[in-house]
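Peer 1: According to UniProt numbering, the residues represented by the sequence shown are 1 to 122, in order.
Ideal placement from N, C-alpha and C gives every residue a C-beta, glycine not left out.
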Amino acid sequence: MDYTIHEAGLVHRDLHAGNILIGYDNNAYLADLGLSCLENEQQSKFNYGVLPFIAPEVLRNRKYTFASDVYSFGIIMWMLTSGQSPFDDYEYDHSLEMEICVGKRPNVIEETPNCYREMLES
Numbered sequence: 001m002d003y004t005i006h007e008a009g010l011v012h013r014d015l016h017a018g019n020i021l022i023g024y025d026n027n028a029y030l031a032d033l034g035l036s037c038l039e040n041e042q043q044s045k046f047n048y049g050v051l052p053f054i055a056p057e058v059l060r061n062r063k064y065t066f067a068s069d070v071y072s073f074g075i076i077m078w079m080l081t082s083g084q085s086p087f088d089d090y091e092y093d094h095s096l097e098m099e100i101c102v103g104k105r106p107n108v109i110e111e112t113p114n115c116y117r118e119m120l121e122s
């Protein structure tokens, strides 16, 4: 990216695979900035986003932060490296929310390149 929303002080708050678009130039573009806001000016107490891309702290009713977007991006990276949907064998419901809050993450598959593995496991 030439310029990121975080450099502008914005938090996306709805980062998931459906909001990553591939252009005719084969570059990836971040879409749907409608819920974005300045990190330090959040007013809403509502959680936005799509399970399982919502960060655990947000599920615990804390504010969205840059770290929340990074968590969401990590789940997107997991999808790209595994070719699967995260927690595909779970209902996307309150039970999954609770499990994510206590540390449940998709298992990194064996074939994942080390450079991605290190990022996903950190």
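1) Leaving out five residues on either side along the sequence, give the residues of the same chain with a beta carbon under 7 Å from the beta carbon of Tyr116.
2) For Arg62, does the count of other Cβ atoms within 10 angstroms reach 16, so buried, or fall short, so exposed?
3) Are Pro52 and Tyr92 touching if we call contact CB-CB under 9 Å?
4) Compute the beta-carbon to beta-carbon distance between Ala31 and Asn19, rounded to the nearest angstrom, for a pair I have assumed lies under 8 Å.
5) When you compare only the Cα positions, how much space is there between His6 and Pro56?
6) If I measure Cβ to Cβ from Tyr90 and keep anything under 7 Å in the same chain, skipping five residues before and after, which residues do I get?
7) Tell me the residue span of the beta strand (DSSP E) that contains Tyr29.
8) For Leu112, count neighbouring Cβ atoms within 10 angstroms of its own Cβ and tell me buried if that reaches 16, exposed if not.
9) DSSP three-state call for Val11: helix, strand or coil?
Peer 2: Straight from the coordinates:
1) To locate residue 116, count along the sequence shown from 1; it is residue 116. Contacts found: Met77 and Thr81.
2) As a working note, residue 62 is residue 62 in the sequence shown. So Arg62 ends up on the exposed side.
3) By one-based count along the sequence shown, residue 52 stands at place 52. By one-based count along the sequence shown, residue 92 stands at place 92. Yes, Cβ-Cβ distance for Pro52 and Tyr92 is below 9 Å.
4) Numbered from 1 along the sequence shown, position 31 holds the residue referred to as residue 31. Numbered from 1 along the sequence shown, position 19 holds the residue referred to as residue 19. That pair is a contact at about 5 Å.
5) On the sequence shown, residue 6 is found 6 positions in, with the first residue counted as 1. On the sequence shown, residue 56 is found 56 positions in, with the first residue counted as 1. Whole-angstrom Cα-Cα distance: 20 Å.
6) As a working note, residue 90 is residue 90 in the sequence shown. Counting only Cβ-Cβ distances below 7 Å, and skipping sequence neighbours, we find Leu96.
7) For this step, residue 29 is matched to residue 29 along the sequence shown. First-last of the beta strand (DSSP E) with Tyr29: Ala28 to Leu30.
8) As a working note, residue 112 is residue 112 in the sequence shown. Correcting the residue type first, residue 112 is Thr in the shown sequence and not Leu. Buried, because 16 or more other Cβ atoms sit within 10 Å of the Cβ of Thr112.
9) Counting from one through the sequence shown, the residue named residue 11 turns up at place 11. Strand.
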